[in-house]
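Everything below concerns the one structure shown next.
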Amino acid sequence: MIFFNKNYPFADPLWRKTLRAMKLITLLIFCGVMQMHAAVYSQNTFTMSESNTTVREILKKIEKSSNYTVFYRNDQVNLNNKVSVIAENSTIENVMKQVLRDQPLTFEVVDNNMVVIKSIGDKNALRDYPVTGTITDNEGEPLIGASVLIKGTTRGASTDIDGKFVLTVPGDQPVTLVVKYLGFADQEVSVNSNQRTVQVKLKADAAALEEVVVIGYGTVKKRDLTGSVASVKAEDITRIPTHNAAEAIQGRVPGADITRNSGTPGAASTITIRGNKSIASRDNLAARNGPLYVIDGFQGGDIATLNPNDIESIDILKDASSTAIYGAQGANGVIIVTTKKGAAGATKVSYNGFYGVNDYIFPDLRIRDSYIQLRREAGRTTGIWTTPADDIKLFQEPGEDIAFQNNQWINWYDLIAKTGQQQNHSITVNGGTEKTKIVASLGYFNEKGMFRNSDFNRYTGRFNLDQTINKWAKAGVQTQITYAKQNVRNNPLGQAMVVSPLGLAYNDDGSINPYPLQGSVARISPLADEVTDNTSRDNRLNTNVVANGYLELTPVKGLTFRTNLGTNFNFGKIGYFQDKQSLNRYTQNFSIARLTNTYYRYINWDNILTYNKTIKDHSLTLTGITSYLQSDADETKATGYRQPLSEQLFYSLGSTELNSREISSAYIGWNNMAYAGRLNYSYKGKYLLTMSGRFDGASRLSEGNRWDFFPSAALGWNVSDEDFFNKLKPTFSNLKLRLSYGVSGNYSVDVYGTQSVINPENRIGFGDVPAPGFIFGQNVANTGLGWEKSASTNLGLDFGFFNNRLTGTIDVYNTVTSDILMPRQLPLSTGVGVINENIGETRNRGIELTLNSTNIQKKDFRWSSMLTFSRNKEELTELLNGTDILAAERNSLLLGRPISSFYTYKKLGIWQTNEEAEAAQYTFSGTPFKPGDIKLADINNDGKIGTEDLTYIGSTVPKWIGGFQNNFSYKNLDFGVFVIARVGQTVDAEFLGRYNPSGLANSPVNIDYWTPENPTNDFPRPRWGATLSNYAGYQTLNFVEGSYFKIRNVTLGYTLPKRFSEKIAAGRVRFYATGSNLFTFTKSDMLKNYDPEGPSTDAPLSRQFVFGVNLDF
Amino acid sequence: MRIKILIMKRLKNLYLTITGSLLIAVFPACRDLDEYNPSNATADLVWSTPEGFVTAVNGAYFEQRNWYTKENGIFMGESGTDLWYNRERDGYARQLTQYSGLTALDGNPNRAVWESLWKAINLCNAGINRINDAGFTDQVEKNKREGELRFLRAFYYWHVVETWGGVMLRTEETKSPVLTATRSSVSDFYNLIISDLEFAAQNLPSQQQWGEEYSRASNKSALGFLSRALLSRAYYSLEAGNKAEADSYFARARDVARDIISRKAALGVDLWATPQQMWDPANNKRNKEALYTISTSSNIGLNIEPSPNRVFMTFQSPYTGSLKPAMQYSLAYGYDNQRRLMPTLTLLNYFDETIDARYGASFQEAWIANSTNYTWTTASATAFGKDPSVVGKVITSGIDTALYITKKRISNKALRPYVVIDRDSIYNANGTIRAGTRDFVTLKKFMDPMRESAASTVGTRDVIVMRLAEIYLIAAEAEFQLGNSTGAAEMINVLRTRAALPGKTAEMQVTADQVNVDFILEERARELCGEYMRWFDVKRMKYNNKGQDFVDFIRARNPDITLVQPFHRLRPIRQEELNALLNGAEFGQNPGY
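Line by line, the protein sequences are chains A and B. For the first sequence, our numbering gives the first residue as 1158, with consecutive numbering after it. For the second sequence, our numbering gives the first residue as 616, with consecutive numbering after it.
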């Protein structure tokens, strides 16, 4: 093992101390016993006169002036030996002879490296010799951090920023060096004491196909893959600075539709792979159709708890042949996350950090003239306003008139929102020997939201160890602790849209005025929760401990047995306090205090037996697994009201009003068991076959139906390996065909979804006497409930052109999900809610395309692109009785449409003045339409707008999504632009429903309403006294064409040249600036200044600017 | 040799590994996949003892508050009639207030109560059918609990059949999916309702016997609802042309009503001496006139929602703001931010307030200044259209009237040194509501000055679902329909005597020849307006001409309602119900929807 110890050019002792401390930590962690010191010289001849000076001192003095890098081993050189050196324009040989005079040492100079080595008195005796070299890629670009090992030993080195390494070979023996670099093929090179300099060009092209892809319970080479798997590597994951890696892979995985749920700090993302298959209500749809996460081989983790910098790769399994091995849980795709593993060789310490600011993308609210005008228009419509003299009739709410006359306006948006901040710091230490490999990391992420008292902090610690015990046994652990602290602000923006912009937000003394309109107690200020620190708290703490261990035995070549024990413990606490003058409580005027504690235990025990055998051209891998999952969750919740002191928050529930207290303690538990087997067979590496089968059992299904079998099969053909293909090469360099079919299961019902239960109901009393009751729960038992099944066919094509400068993948698939576990709504007259049944069928068909190309590759300039495209058609093909299930506009299930569809009136526009006669021919519930009303489609052409005219008007499911990444590098500069598009979906834009046609509330300014002078087709004419629901067909106004394309990310990076980075003891130093969500172009004008990715009004998405640094030591 | 040892060693390893892995692999299989569910309970377990069974009975009361303490009950029971219209002519719940857009998919109170009533009925059915398995040894106790459940089932079913007509009549607990339904006749519903109420009347204890649990159903509750059910039932016979059958129900309704009146002391119920006393918020709890009450607890944990009994907000006119000098929010004057309904001119005109104390007891017209004193200036006089003579006059807080909203026509508005909003400011000559009208005469029956603060939406008062005055009106209506107008007048005069202002008793009396259907309806409005009954009264008494009488009555008296149709005497069945029924098409929506 070799360590570098350099002299630092900085005089600042603090800086030096810090670096030393870091070195010390490194040493302690890796128990290093040897050190090699290097010094940098600035000239090649020396003049010096030293007497009785230590070797260390002299070396230091020499160090200050040379191009040489000097290496020596601590255990061989006595640095305290005192010597005298006299030199006048002497060579290095002359000086060094004097320095090493009293010791059995000699030295060698290779290039700019000077290596001190042991000299054996006997000239014929064996002695150490140094080897130096340069590792580059095919194009001659240096590879930084490549590892060079002496074969069969643990001795090695890694390359510096110029791709150079130095290594001492013990004894005068010829050895073989093994050169490794991620993404390139390993290469071996022989050296001996005469051949001490090597130039190694690693082959990238060949290596790309040898890339290893993580599949369920194993890995395969990419060329042997038969299923549809997409991979995202570390550098792309950290390209977008975020707390959640799921967000970072948005647009990079064809077939995965990823959206961020809201702009709240720490908010999660929704991932749907190849469409929704299971039917559920809109709120539940994402959860029911969410993929399975497998983190380091362990099922059921949460990607949100991971520090994105810890992730080595994310592999997304999409087709049934890849996911079938996970049976039950794989029906909606599997996301396999692999965290970074230790590597033998030099210790690498890296620091990644960023700091950024966020601001909202949200339309302005009406104020002053714009606000007054809307009210006047409303009054004008009903005839109570003709001139400003009539304003008094419109501004009658308490305090409005005074504020209006005094011109007291409030821009609530400015007062509520501030610039948010994000910062992330993470340190990773990676190292080890051939036997022991370690990665340890610490991470901190902090986001301050755009509302005060809204923030998210996450601390992560990770320690991964892989230990080779002996030739046939290996063990390891992966542990992680995540602690997250989140403060949630109770929607001030929503309140801002229902209050008036008139009044005084602050009192004369600067304190917040809870009721901005004098004399009005009906509408509290959106800032009410900021009046004191204790007015409103929603504090969420979460501690997640993951401790996974494995033992792997390889008793004979080719046979591996591995047992994985994964545990996941989660402790959550939510402290909730709302004072009586908080937004949440002011209408009730008493406080609420609540504490919720959750304790979640999860165990995953998998046993995997793998047998690998190659006989001539036949290569065979057999895998057998057992998998057991057990989950238990407790939740204890205690609530009390009317706590006398708000300062006590949720820490004194005992002081709440005795009779008001509510307590509950719920338990939810389930388990699963599975047995599965898989066969991978390859003939000559050209013809590939994969088959798998899995018996799956789930406790939550009904007795007798808990077990089922799920098979899959896949074929692959590496066409380009055929002889006839050779004449197409290198223009057409790679072609592979894949075909797979498989069935996977799903048990997406709630735990206890097959049981009839009664629930306690304590909110019953006679007078003041409590009368606890039991009432029926939602479910009626279904004793025959079984598995939901998704059968999926996938046809894939992988290709490469121009020596694989352009590579790509196309997949087409068809997934039919049948026996869908659907909560069947029972007739309400039965008095119970639903029964879960295996009814219904969905189909998802689609095509996915990925293209990767290296457009320009020069020594200094490189341009590469990545394009993803996916189109998925999701449709309900069968329901209950073959008829649509009609309900309110958001809950209807329509055959031939996606699950999450909108069913309401179809808006054609607004009735215009010149259409008065035509409008009057249509009636709604007997009332004729008139100009300014919403123009609705009369689907059945009967002149009456009614229930028969409700129709499908769109879905949240996009027609297609795409991502386009372009990376440019010029010398030390790199530049990336990432664009995503999501097209064809309809958004439920809640904020458009905030249009207040009386003008009483503070609705968004971009709501363009109709007046006789403004013939818009957006929103109906204002009307005094009316709310939006007074307009025929108002339900349709929320739904808008939501297509958008977004500059998701622009990054500009600069890597310090070696001569600077070396001075601060770093291997690689990169600074970057990133802008996220920079511009969004929406198809609909109504969504201007709004990010339609997150249709939430409460917490819109933000635009971010981030500055960061990557440092490797 | 070395090789042999190596092979031996490998084989040993292999053997160990395979054995070990088999052991490990097989072990989890022994784990069963049963569901463990300690947090939830099953009906069979909980309701198998008398003590546990009470939780079913208690649970059966739960949903009644979805109708009566929320807005649902007011919209379902009062709006869409001659008495009320949306304040500011807005469209809140317009499906029910104006018959505008009332469909199977719109009109939320109608949709919400369809669900909650059936939940309650299922629970009642479960209790009634399981009571024999609950292990009761005390027959009286058992009958008492069964009486409660049967009272509640009848109570819920009366709301169902009157609102939606002859829909499905379910008497069994839903234990497995029930996916079809057949319609039952209205008389089948009433047979069940009447027999349940008769059982309840015989087996329920008196209110006094319930002690602190005074809002449980008692014998007087059952009798009161029995008389109401019999009266309602009779009209279906009239509508079918079966006068004899109708008379038998009228006679029974009369007999039950008169029985209650004659035994009122024993039943623990009596009329208050004056209407003011009846509606004094201080007399609200354990109100002696109440036959059935839904209580609101001061213990907020026992109420259905954090804001229980919201009816105090429903009829409240605004009384503060830019045009209301010297007025500020106060507990005494109420909370106006969720005002929904204003009275029609018709309702106000039903009263002769010069002799009838019920107008003053039911409505608020004057507001005394409660903020800082206000002095009229030349500018403010001009702004309010006042005569210059008011300039300099002071509205003194606590003493002077600051706001006067009245059914009267005030000719000298300009001379009065306070804000006057008279009938012409509120209503047009034809009785419709003027555009831009914001203020109205406030129904003050449900005022709740016991709340924690003026801005609190947390009501504290009980809902009086039925009171003795209605029994007199039921008796009067039954007598009238039986041809005994004298008896009817006699019953009505009991209430009118009580309602007479001092010295006006004689003027308040009615004679037999004055009693007719419209008079009874008007008298019911004077006595019961706002009390969750008007829509049922109008649909009941204006049954004739296939609903055209219902339409004519409402349109004539509430000219803002223009969309009411004969079929609106029934409300639409929620669409999800028909969707979920396998025979939904055959079952069919109510006609007209």
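Cβ coordinates follow ideal geometry from the N, Cα and C atoms, glycine included.
Would DSSP call A:Ile1967 helix, strand or coil? For the purposes of this step, residue 1967 of chain A is identified with residue 810 of the first sequence, where counting begins at 1. The answer is strand: DSSP assigns A:Ile1967 an E or B state.
Three or more C-beta pairs closer than 8 Å, one from the segment 1056-1063 of chain B and one from the segment 911-930 of chain B: is that the case here? yes
Between which two residues does the alpha helix (DSSP H) carrying A:Glu1250 extend? Taking the first sequence and counting its residues from 1, one reaches residue 1250 of chain A at position 93. Ile1249 to Val1256 is the extent of the alpha helix (DSSP H) around A:Glu1250.
Does DSSP classify B:Val957 as helix, strand or coil? For the purposes of this step, residue 957 of chain B is taken as the residue at position 342 of the second sequence. Note that residue 957 of chain B corresponds to Met in the displayed sequence, not to Val. Strand at B:Met957.
Interface residues of chain A around B:Phe967 at Cβ under 9 Å? Numbered from 1 along the second sequence, position 352 holds the residue referred to as residue 967 of chain B. Reading off the sequence shown, one finds Asp at residue 967 of chain B, where the question assumed Phe. Under the 9 Å cutoff, chain A gives no residues; its nearest Cβ is about 32 Å from B:Asp967.
Output, in sequence order along the chain, the residues in the segment 1553-1572 of chain A whose CB is closer than 8 Å to any CB in chain B. Gln1553, Glu1554, Pro1555, Gly1556, Glu1557, Asp1558 and Ile1559
What's the call for B:Leu917, buried or exposed, on a 16-neighbour Cβ count within 10 Å? Mapped onto the second sequence, residue 917 of chain B falls at position 302. Flag for B:Leu917 reads buried.
Beta carbon of A:Val1389, beta carbon of A:Leu1449: below 8 Å? Taking the first residue of the first sequence as position 1, residue 1389 of chain A is located at position 232. Taking the first residue of the first sequence as position 1, residue 1449 of chain A is located at position 292. No. Outside cutoff.
Own chain residues within Cβ distance below 6 Å of A:Ser1784, not counting five before or after: Position 627 of the first sequence, counting from 1, holds the residue named residue 1784 of chain A. Excluding sequence neighbours, A:Ser1784 sits near Asp1763 and Ala1831.
For a test of the three-state rule: what should DSSP assign to A:Ala1168, helix, strand or coil? Here residue 1168 of chain A corresponds to residue number 11 of the first sequence, with the count starting at 1. Any reading at A:Ala1168 needs caution, since the residue's pLDDT is 40, under 50, leaving its predicted position unreliable; the model's value is listed next. Coil.
Distance, A:Gln1356 Cα to A:Phe1322 Cα: Position 165 of the first sequence holds residue 1322 of chain A. Position 199 of the first sequence holds residue 1356 of chain A. A:Phe1322 and A:Gln1356 have their C-alpha atoms some 11 Å from each other.
Find the residues of chain A that neighbour B:Trp682, judging by a C-beta separation of less than 8 Å, and give them in chain order. Within the second sequence, residue 682 of chain B is the residue found at index 67, counting from 1. From the beta-carbon of B:Trp682, no residue of chain A is found nearer than 8 Å; the closest lies around 15 Å away.
Could you tell me whether any Cβ in chain A is nearer than 8 Å to the Cβ of B:Met616? Taking the first residue of the second sequence as 1, we reach residue 616 of chain B at position 1. The predicted position of B:Met616 is uncertain, since its pLDDT is 46 and thus under 50; a value taken from the coordinates is nonetheless stated next. Contacts with chain A at 8 Å (Cβ-Cβ) do not include B:Met616.
Count the other CB atoms within 10 Å of the CB of A:His1775; is the residue buried (16 or more) or exposed (fewer)? To locate residue 1775 of chain A, count along the first sequence from 1; it is residue 618. With fewer than 16 Cβ atoms within 10 Å of its Cβ, A:His1775 is classed as exposed.
Can you say whether A:Glu2295 is buried or exposed, counting buried as having 16 or more other CB atoms within 10 angstroms of its CB? The displayed coordinates of chain A run from 1158 to 2270. Any statement about residue 2295 of chain A would go beyond what the structure contains.
Give me the Cβ distance between B:Asn898 and B:Thr684, rounded to the nearest whole Å; I'm assuming they're in contact under 8 Å. As a first step, residue 898 of chain B is located in the second sequence; it is residue number 283 there, counting from the start. As a first step, residue 684 of chain B is located in the second sequence; it is residue number 69 there, counting from the start. Contact check for B:Asn898 and B:Thr684: beta-carbon distance about 19 Å, past the 8 Å limit, so the pair fails to qualify.
Spatial neighbours of A:Gln1565 within its chain, please: CB distance less than 7 Å, with the 5 preceding and 5 following residues excluded, ordered by chain position. Taking the first residue of the first sequence as position 1, residue 1565 of chain A is located at position 408. If you ignore the 5 residues before and after A:Gln1565, its C-beta comes within less than 7 Å of the C-beta of Leu1659, Gly1660 and Leu1661, all in its own chain and listed in chain order.
With DSSP as the reference, label A:Leu1985 as helix, strand or coil. Start at 1 with the first residue of the first sequence, and residue 1985 of chain A comes out as number 828. Looking at A:Leu1985 - three-state DSSP - the assignment turns out to be helix.
Along the chain, where does the beta strand (DSSP E) containing A:Leu1846 start, and where does it finish? Your numbering for residue 1846 of chain A matches position 689 in the first sequence. Boundaries of the beta strand (DSSP E) harbouring A:Leu1846: Tyr1844 to Ala1855, taken from the DSSP string.
Starting from A:Asn1705, follow the beta strand (DSSP E) in both directions and report where the run begins and ends. Here residue 1705 of chain A refers to the residue found at position 548 when the first sequence is read from its first residue. In the DSSP assignment, A:Asn1705 falls within the unbroken beta strand (DSSP E) covering Ser1693 to Leu1710.
Could you name the residues of chain A that B:Pro1181 contacts, counting a contact when the two beta carbons are closer than 9 Å? As a first step, residue 1181 of chain B must be located in the second sequence, where it is residue number 566. Within 9 Å Cβ-Cβ: nothing; B:Pro1181 doesn't reach chain A, min ~13 Å.
is_contact[A:Arg1863, chain B] using C-beta, thresh 8 Å: Position 706 of the first sequence holds residue 1863 of chain A. So, interface residue.
Just checking my contact of A:Arg2246 with A:Phe1519 at CB under 8 Å: how many whole Å lie between their CB atoms? Taking the first sequence and counting its residues from 1, the one referred to as residue 2246 of chain A is at position 1089. Taking the first sequence and counting its residues from 1, the one referred to as residue 1519 of chain A is at position 362. According to the sequence as given, residue 2246 of chain A is Asn; it is not Arg. Indeed they touch by this definition, with Cβ atoms about 7 Å apart.
Is A:Thr1543 close to chain B? Criterion is C-beta to C-beta, closer than 8 Å. The residue labelled residue 1543 of chain A in the question sits at position 386 within the first sequence. It does not; no Cβ of chain B falls within 8 Å.
Rounded C-alpha distance that separates A:Thr1964 from A:Gly2100: Translated into positions along the first sequence, residue 1964 of chain A becomes position 807. Translated into positions along the first sequence, residue 2100 of chain A becomes position 943. Cα to Cα, A:Thr1964 sits roughly 57 Å from A:Gly2100.
Mind checking whether A:Ile1436 and A:Ile1428 have CB atoms under 8 Å apart? By one-based count along the first sequence, residue 1436 of chain A stands at place 279. By one-based count along the first sequence, residue 1428 of chain A stands at place 271. No, the pair does not count as a contact, with Cβ atoms beyond the cut-off.
Is there a Cβ from chain C that is less than 8 Å from the Cβ of A:Phe2196? The structure shown contains no chain C; its protein chains are A and B.
Run through chain B and tell me which residues come within less than 8 Å of A:Arg1549, C-beta to C-beta. Within the first sequence, residue 1549 of chain A is the residue found at index 392, counting from 1. The sequence given here places Ile at residue 1549 of chain A; Arg does not occur at that position. Result: Ser937, Leu938 and Ala998.
On the three-state DSSP scale, how would you describe A:Met1271? Position 114 of the first sequence, counting from 1, holds the residue named residue 1271 of chain A. Residue state, collapsed to three classes: strand.
Classify A:Asp1690: buried if its beta carbon has 16 or more other beta carbons within 10 angstroms, exposed otherwise. In the first sequence, the residue the question calls residue 1690 of chain A occupies position 533. The residue in question, A:Asp1690, is exposed, as its Cβ has fewer than 16 Cβ neighbours within 10 Å.
Who are the near neighbours of B:Ile1025 in its chain, counting only those whose CB is closer than 6 Å to its CB and skipping five residues on each side? Position 410 of the second sequence, counted from the first residue, corresponds to residue 1025 of chain B. Around B:Ile1025: Val1035 and Asp1037.
Proximity to A:Ser2126 [Cα-Cα], best of A:Asp2145, A:Lys2015, A:Tyr2152 and A:Ala2044: Locating residue 2126 of chain A in the first sequence gives position 969, where the first residue counts as 1. Of the candidates A:Asp2145, A:Lys2015, A:Tyr2152 and A:Ala2044, the one whose C-alpha sits nearest the C-alpha of A:Ser2126 is A:Lys2015.
Any C-beta of chain B within less than 9 Å: which residues of the segment 1896-1922 of chain A qualify? Val1908, Tyr1909, Thr1911, Gln1912, Ser1913, Val1914, Ile1915, Asn1916, Pro1917, Glu1918, Asn1919, Arg1920, Ile1921 and Gly1922
With a threshold of 7 Å (Cβ to nearest heavy atom), would A:Gly2089 be considered close to the ligand ATP? As for the ligand ATP, it is missing from this structure, which has no ligand bound.
Cα-Cα separation between A:Asn2097 and A:Ile1493, rounded to whole angstroms: Within the first sequence, residue 2097 of chain A is the residue found at index 940, counting from 1. Within the first sequence, residue 1493 of chain A is the residue found at index 336, counting from 1. Taking the straight line joining both Cα atoms gives about 50 Å.
Tell me whether B:Met1081 sits in a helix, a strand or coil according to DSSP, three-state version. As a working note, residue 1081 of chain B is residue 466 in the second sequence. It is a strand residue.
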